[in-house]
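Everything in the sequence shown is counted per UniProt numbering, starting at 1 for the first residue and increasing by one.
Following: one structure in structure tokens, then a few remarks.
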Amino acid sequence: MSEDKELERQLSELLTEEGELSEEERHEEERRRLSPKYEIRIQTELDPIVEETLKYRRIAKEIDGRYDEYMKKTEQTHKKS
1 MSEDKELERQ
11 LSELLTEEGE
21 LSEEERHEEE
31 RRRLSPKYEI
41 RIQTELDPIV
51 EETLKYRRIA
61 KEIDGRYDEY
71 MKKTEQTHKK
81 S
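Take a look at the structure:
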């Protein structure tokens with residue numbers, strides 16, 4: 001794992017103009033890389049994928065039918081709305 005860190009450090013030096021990041025820049029970069037602690041989820045009444053697929057299907061025919069399986073899975077819940 002230390003080899004990965006070393007490669008990352010070397011790459012970081014190559015990509016920055018001065019080579020070494022200042023302490024403030026390093027802390028800022030670490031904060032940017034951290035994943036968020038909270039995740040916000042919003043429940044919707046309509047599935048945007050279903051709605052968009054239905055709109056496209058009104059306009060044109062799909063060549064490969066890649067959304068057929070998804071549409072079958074959501075058919076019951078879509079009709080309830």
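Glycine included, each C-beta is placed from N, C-alpha and C at the ideal position.
Option nearest TYR67 by Cα separation, candidates GLU39, ALA60, ILE49, ARG58: Position 67 of the sequence shown, counted from the first residue, corresponds to residue 67. Among GLU39, ALA60, ILE49, ARG58, the Cα nearest to that of TYR67 belongs to ILE49.
Inter-residue spacing [alpha-carbon to alpha-carbon] between TYR56 and GLU69: As a first step, residue 56 must be located in the sequence shown, where it is residue number 56. As a first step, residue 69 must be located in the sequence shown, where it is residue number 69. If you take the alpha carbons of TYR56 and GLU69, they lie about 16 Å apart.
Three-state class that DSSP yields for ILE49 in the structure shown: By one-based count along the sequence shown, residue 49 stands at place 49. In this structure, ILE49 counts as helix in the three-state DSSP scheme.
Proximity of THR44 and MET71 at Cβ, strictly below 8 Å: Within the sequence shown, numbered from 1, the residue matching residue 44 stands at position 44. Within the sequence shown, numbered from 1, the residue matching residue 71 stands at position 71. No, the pair does not count as a contact, with Cβ atoms beyond the cut-off.
TYR56, DSSP secondary structure in three states: Stepping through the sequence shown from its first residue, residue 56 is reached at position 56. Helix at TYR56.
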